[in-house]
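Taking my numbering, the leading residue of the sequence shown gets 37, the next gets one more, and so forth.
All residues carry an ideal CB built from backbone N, CA and C; glycine is no exception.
The next block holds one structure in the form of structure tokens; read it before the comments.
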Amino acid sequence: MRLILSYSILICCLSGFFWAVFDLTRKLSLKYIDSKILLLLFTFVQIIIFFIWCLEDTFYVNISSYLIPGIVLIILGIFSALLFLKSIKESDLSLTIPLLSFSPLFSSLFSFIFLDEELSKTQYFGVFSIIFGTLSLYSNAFNITQIFKSVIHITRNQSAKLMLLVALCWSVTPVLDKMCLKHSSINVHGFIQAFATFLILFLISMKQLLILQKLKTKHLNLIFFTVTIGTLATITQFYAILFNFVPIMESIKRAIGQFSAILFGSLFFDENFSLQKIIGIIFISSGVFIII
């Protein structure tokens, strides 16, 4: 039992690491390519990988039960992904990614409603600790007044509001994924989602594909690395939600994302590394420890 628990947490951590690197490379890639094209390429690589997986392994899908949550997931996925890319392109990585820590709270609510999964009171305290840590990251100084003022800062910042909306959407998507995976195998679920997303994006961005011909090789390599990392993140997340409650998986993934956003923001984009950000990280990591 302990071995199974350790394995399930390890899968969550691995997924969180891939998503963190994906955040970094997406922001770097958006200097050279439109967000819709980046998302289109990402889904194209996913189609190839999931199609090969379907050929090499068994798969199943109950279309009648899969259809409604599957369609909602496709629409929500495209909408939230484009909002996310717009947000990280226009603002600091260390000030947008932390807002995704609100998703565990949303996930707890939605997983309780749709999946009958309920955390203990102690685990919910951990979720709120993560949220408090996020507010600390956004404050100008670590005191109660500035902590509360950080809410005002967030509501006045366009990129911050977009990322909060993304957090809401992404708290629902793992729940929808889990609903879909009750009626399909991982490989065919991934293929359906990627193929449908690709078709929609292709129809709305065909003319913009020509820009790929003008990119330098090093930029194309960066974009290829980005979509590959993103695919690995998606696959590992599918496995993570099969072995864990959705709120726990989301909390671990977001905590790793917080650490990485601060670190990558400082290393790659010269973003400020302040005391309140460090304190915020402590609260976030404490919250994850409590949840686990």
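Can you give me the C-alpha to C-alpha distance between residue i and residue j, rounded to a whole angstrom?
| i | j | result |
| --- | --- | --- |
| L200 | L135 | 6 Å |
| I73 | T181 | 42 Å |
| L60 | F148 | 32 Å |
| L76 | I271 | 17 Å |
| V187 | S175 | 8 Å |
| G301 | E307 | 5 Å |
| M215 | L109 | 10 Å |
| F231 | T79 | 7 Å |
| H255 | F184 | 41 Å |
| T264 | V81 | 7 Å |
| I222 | T253 | 33 Å |
| I315 | G169 | 7 Å |
| S137 | L311 | 19 Å |
| D70 | V202 | 19 Å |
Mind checking residue i: buried by the 16 CB within 10 Å criterion, or exposed?
| i | result |
| --- | --- |
| Y96 | exposed |
| M242 | exposed |
| N257 | exposed |
| L246 | exposed |
| K209 | According to the sequence displayed, residue 209 carries Thr and not Lys. Classification for T209: buried. |
| F319 | buried |
| S130 | buried |
Among the residues of its own chain, which have a CB less than 6 Å from the CB of residue i, if the five just before and after it don't count?
| i | result |
| --- | --- |
| S127 | S195 |
| G323 | G162, S165, I166 |
In chain order, what residues of the same chain lie with their CB nearer than 8 Å to the CB of residue i, ignoring the 5 residues before and after it?
| i | result |
| --- | --- |
| L217 | H225, F274, I277, L278 |
| S44 | A276, F279, N280 |
Which whole-angstrom value is the C-beta distance of residue i and residue j, which I expect to be below 8 Å?
| i | j | result |
| --- | --- | --- |
| I166 | A291 | 7 Å |
| S116 | T262 | Not confirmed; about 18 Å, so no contact. |
| F305 | I298 | F305 to I298, Cβ: 11 Å. No contact. |
| S289 | W55 | Before going further, note that residue 289 is Lys rather than Ser in the sequence given. So it is a contact: roughly 6 Å between Cβ atoms. |
| T267 | I85 | 6 Å |
Examine the ligand FMN and report whether any of its heavy atoms sits within less than 8 Å of the Cβ of residue i.
| i | result |
| --- | --- |
| S186 | Ligands displayed in this structure: none; no statement on the ligand FMN is therefore possible. |
Excluding five sequence neighbours on each side, which residues of the same chain lie with their C-beta closer than 7 Å to the C-beta of residue i?
| i | result |
| --- | --- |
| F161 | I326 |
| C205 | L112, F115, S116 |
>> So within the segment 245–291, which uninterrupted alpha helix (DSSP H) runs reach at least 4 residues, ignoring any that extend past its ends?
In response: Counting only runs that start and end inside the segment 245–291, the alpha helix (DSSP H) elements of at least 4 residues fall at 253–279.
> Considering only residues of the segment 98–172, which uninterrupted alpha helix (DSSP H) runs meet the minimum length of 4 residues and lie entirely inside it, listed in chain order?
Replying inline: Those alpha helix (DSSP H) runs which fall completely within the segment 98–172 and span 4+ residues are 99–126, 129–132, 139–151.
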